[in-house]
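Asker: With the sequence shown counted from 1, adding 423 to any position gets you the numbering used here. Note that beta-carbon positions come from the ideal geometry of N, C-alpha and C, so glycine has one too. Quick one: the structure is below, questions incoming.
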Amino acid sequence: MQERDAHYLHERKGLTAVLSPALERPRALSWIGNQERLLVATEEGELIEVDVVFGSRTLPHTVEDPAEMSCSPDGQKVVVVERAKNISLRRSSDGQKLAELHFPLLSDITITWFKRGEGWGVAVAGDDLEGRKVVLLPDDFSKHKVAKIPPRAAIGVDAVGALQYGRVTQEGVSIVSFGKPLALGAPSRHRLRFGGGGLLMGMAEGGVTLWPGVDRPPRTIIAYDVSAATLDVKGEQVAVGTRTGDVSLSSASTGALERARPGKVGGHSSAVRAMAFSARGRWLATAADELRVWTF
């Protein structure tokens with residue numbers, strides 16, 4: 424295998440930047456199913472597919488003010504949240520809109536695909552002017568339900584794909600199946616996300632905390648000026664981005680950070696806004712004012 428082949432870099436330790444596509448101001452990103460292809464939505468509303476081997480192409484359809492995006496597990500569909508406007512269902516191959524729901528979410532927005540009978544459902548959580556809400560939809564958007572949830576609650580799935588939600592208060596962590604009572608105390612200041620294996624992750628100014636479960640002690644990875652973080656699909660690796668553009672990788676079990684070693688492509692020059700591990704291969708995508716694809 425030639426050294427210039429990106430797959431050669433899988434054998435290296437830590438993070439190594441291998442690709443920086445020529446696109447500006449990426450704002451939302453999602454790997455397409457179990458493929459080594461990435462879908463990116465830019466500030467201007469472009470939808471761009473990035474293949475780590477074959478390059479990039481711009482899709483013919485656009486979005487407006489993309490806040491969050493997530494492809495279905497089979498890679499055929501993508502849900503896009505357009506801030507303060509819509510939740511739309513689109514084809515991942517060309518961005519064509521298949522259905523939409525007017526629902527003006529403003530901040531702390533997440534999209535979760537969960538197992539629903541023989542198919543998939545979608546849970547979109549976020550804050551609006553009235554508080555924190557979650558919208559539940561089948562994967563064709565044929566109907567929907569809206570539920571109010573406590574402030575700073577995170578939506579995710581457990582190890583078998585069932586919907587759950589969690590919260591951290593002064594009394595500790597609470598993680599339960601969606602619909603069951605959740606702790607109502609004053610929330611911690613963490614920005615919570617669920618990762619692979621049902622692991623709950625909390626981002627704060629001084630680091631990233633992982634809660635393996637309600638009966639196990641949390642683990643904190645010390646990092647400063649944290650602006651984004653993500654877990655891989657197995658819940659084994661944690662990537663951390665900062666307001667100064669640094670990108671770091673850590674083992675979820677040891678909590679030891681290893682900073683990226685930039686090659687020809689340097690780190691970000693502005694705050695990291697979004698991050699995502701691929702389900703296939705050893706790829707990490709990070710978005711600031713530009714897009715970076717790393718291997719580890």
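#1: Exposed or buried, what is arginine 612 when buried is set at 16 or more other beta-carbons lying within 10 Å of its beta-carbon?
#2: Within this structure, are the beta carbons of alanine 675 and arginine 642 separated by less than 9 Å?
#3: What does the Cβ neighbour count give for lysine 500, buried or exposed, with the cut at 16 atoms within 10 Å?
#4: Report, in whole angstroms, the separation of the C-beta atoms of alanine 451 and alanine 711, which I expect to be a contact under 8 Å.
#5: Under DSSP, the beta strand (DSSP E) around proline 496 begins and ends at which residues?
#6: Measuring alpha carbon to alpha carbon, tell me which residue in Leu470, Thr535, Lys538 and Ala652 is nearest aspartate 517.
#7: Under the three-state reduction of DSSP, which class applies to glycine 690: helix, strand or coil?
#8: Go ahead and pull the three-state DSSP assignment for glycine 618.
#9: Report buried or exposed for aspartate 563, applying the criterion of at least 16 other Cβ atoms within 10 angstroms of its Cβ.
#10: Determine the DSSP secondary structure at threonine 535, reduced to helix, strand or coil.
#11: Can you find the residues in the same chain that come closer than 8 Å, C-beta to C-beta, to arginine 715, ignoring five residues on each side of it along the sequence?
#12: Measuring alpha carbon to alpha carbon, tell me which of Val631, Tyr647, Ala646 and Asp638 ends up nearest threonine 653.
#13: Is it true that the CB of lysine 538 sits closer than 9 Å to the CB of valine 583?
#14: Give the secondary structure of lysine 520 by DSSP, where H, G and I count as helix, E and B as strand, and everything else as coil.
#15: Is the separation between the beta-carbon of phenylalanine 617 and that of alanine 662 shorter than 9 Å?
#16: For glutamate 426 and valine 476, what's the separation of their Cα atoms in angstroms?
#17: Does DSSP put aspartate 391 in a helix, a strand or coil?
#18: Going by DSSP, what residues sit across from histidine 525 in a beta bridge?
#19: For glutamine 519, count the other beta carbons within 10 Å of its own beta carbon; 16 or more makes it buried, fewer makes it exposed. Which is it?
#20: Taking DSSP as the reference, what is the three-state secondary structure of isoleucine 572?
#21: Residue range of the beta strand (DSSP E) that arginine 666 falls in?
#22: Work out the CA separation of threonine 665 and methionine 626 for me, nearest whole Å.
#23: At the level of alpha carbons, what is the spacing between isoleucine 534 and proline 561?
#24: Using the Cβ count rule (16 or more neighbours within 10 Å means buried), how would you classify arginine 513?
#25: Between the C-alpha atoms of aspartate 648 and valine 695, what's the straight-line distance to the nearest angstrom?
#26: Within 10 angstroms of the Cβ of threonine 465, are there 16 or more other Cβ atoms? Answer buried if so, exposed if not.
#27: Please name the residue or residues paired with valine 649 in a DSSP beta bridge.
#28: So the beta strand (DSSP E) aspartate 474 belongs to, where does it begin and stop?
#29: Starting from alanine 697, follow the beta strand (DSSP E) in both directions and report where the run begins and ends.
#30: What's the gap between the Cα of valine 463 and the Cα of leucine 559?
#31: Spatial neighbours of phenylalanine 719 within its chain, please: C-beta separation below 6 Å, excluding the five flanking residues on both sides.
Answerer: Reading off the structure:
#1: Locating residue 612 in the sequence shown gives position 189, counting from the first residue. Looking at its Cβ environment, which holds fewer than 16 other Cβ atoms inside 10 Å, arginine 612 is exposed.
#2: Numbered from its first residue, the sequence shown carries residue 675 at position 252. Numbered from its first residue, the sequence shown carries residue 642 at position 219. Contact flag set, yes.
#3: In the sequence shown, counting from the first residue as 1, residue 500 sits at position 77. Burial call: buried.
#4: Position 28 of the sequence shown holds residue 451. Position 288 of the sequence shown holds residue 711. Contact doesn't hold; Cβ gap of about 13 Å is too wide.
#5: In the sequence shown, the residue the question calls residue 496 occupies position 73. Here proline 496 belongs to no beta strand (DSSP E), and DSSP marks it neither H nor E.
#6: In the sequence shown, counting from the first residue as 1, residue 517 sits at position 94. Minimum Cα distance to aspartate 517 is reached at Leu470.
#7: Within the sequence shown, numbered from 1, the residue matching residue 690 stands at position 267. Of the three classes helix, strand and coil, the one that applies to glycine 690 here is coil, per DSSP.
#8: As a first step, residue 618 must be located in the sequence shown, where it is residue number 195. Reduced to three states, the DSSP call for glycine 618 is coil.
#9: Taking the sequence shown and counting its residues from 1, the one referred to as residue 563 is at position 140. By the neighbour-count rule (16 or more Cβ atoms within 10 Å), aspartate 563 is not buried but exposed.
#10: Translated into the one-based positions of the sequence shown, residue 535 becomes position 112. Threonine 535 falls in the strand class under three-state DSSP.
#11: Taking the sequence shown and counting its residues from 1, the one referred to as residue 715 is at position 292. Contacts found: Ala440, Leu442, Ser443, Val670, Val688, Gly690, His691, Ala708 and Thr709.
#12: Translated into positions along the sequence shown, residue 653 becomes position 230. Selected option, being the one with the closest Cα: Val631.
#13: Against the sequence shown, residue 583 aligns to sequence position 160. Against the sequence shown, residue 538 aligns to sequence position 115. Yes.
#14: For the purposes of this step, residue 520 is taken as residue 97 along the sequence shown, with counting starting at 1. Reduced to three states, the DSSP call for lysine 520 is strand.
#15: Along the sequence shown, one-based indexing puts residue 617 at 194. Along the sequence shown, one-based indexing puts residue 662 at 239. No, these two residues do not count as a Cβ contact at 9 Å.
#16: Here residue 426 refers to the residue found at position 3 when the sequence shown is read from its first residue. Here residue 476 refers to the residue found at position 53 when the sequence shown is read from its first residue. Reliability of the predicted coordinates at glutamate 426 is poor, the pLDDT of 35 falling under 50, and no value is obtained from them.
#17: Shown here, the chain extends from 424 to 719; a query on residue 391 therefore has no answer.
#18: Numbered from its first residue, the sequence shown carries residue 525 at position 102. The partner list for histidine 525 (beta bridge, DSSP) reads Asn509.
#19: Looking up residue 519 in the sequence shown gives position 96. Flag for glutamine 519 reads exposed.
#20: The residue labelled residue 572 in the question sits at position 149 within the sequence shown. Coil.
#21: Here residue 666 is taken as the residue at index 243 of the sequence shown, counted from 1. No beta strand (DSSP E) holds arginine 666; DSSP gives it neither H nor E.
#22: By 1-based counting over the sequence shown, the position of residue 626 is 203. By 1-based counting over the sequence shown, the position of residue 665 is 242. So the two alpha carbons sit approximately 11 Å from each other.
#23: Taking the first residue of the sequence shown as 1, we reach residue 534 at position 111. Taking the first residue of the sequence shown as 1, we reach residue 561 at position 138. C-alpha separation (whole angstroms): 13 Å.
#24: Counting from 1 along the sequence shown, the entry for residue 513 is found at position 90. Per the 10 Å Cβ criterion, buried.
#25: Residue mapping note: residue 648 aligns to position 225 of the sequence shown, counting from 1. Residue mapping note: residue 695 aligns to position 272 of the sequence shown, counting from 1. Cα-Cα distance, rounded: 10 Å.
#26: Walking along the sequence shown from the start, residue 465 turns up at place 42. Threonine 465 is buried by the Cβ-count criterion.
#27: Here residue 649 refers to the residue found at position 226 when the sequence shown is read from its first residue. Valine 649 is bridged to Thr665.
#28: Counting from 1 along the sequence shown, the entry for residue 474 is found at position 51. Here the beta strand (DSSP E) through aspartate 474 covers 469-474.
#29: In the sequence shown, counting from the first residue as 1, residue 697 sits at position 274. Where alanine 697 is concerned, the enclosing beta strand (DSSP E) stretches over 697-700.
#30: In the sequence shown, the residue the question calls residue 463 occupies position 40. In the sequence shown, the residue the question calls residue 559 occupies position 136. Taking the straight line from one Cα to the other gives about 24 Å.
#31: For this step, residue 719 is matched to residue 296 along the sequence shown. The answer, listed in chain order, is Leu438, Leu672 and Arg705.
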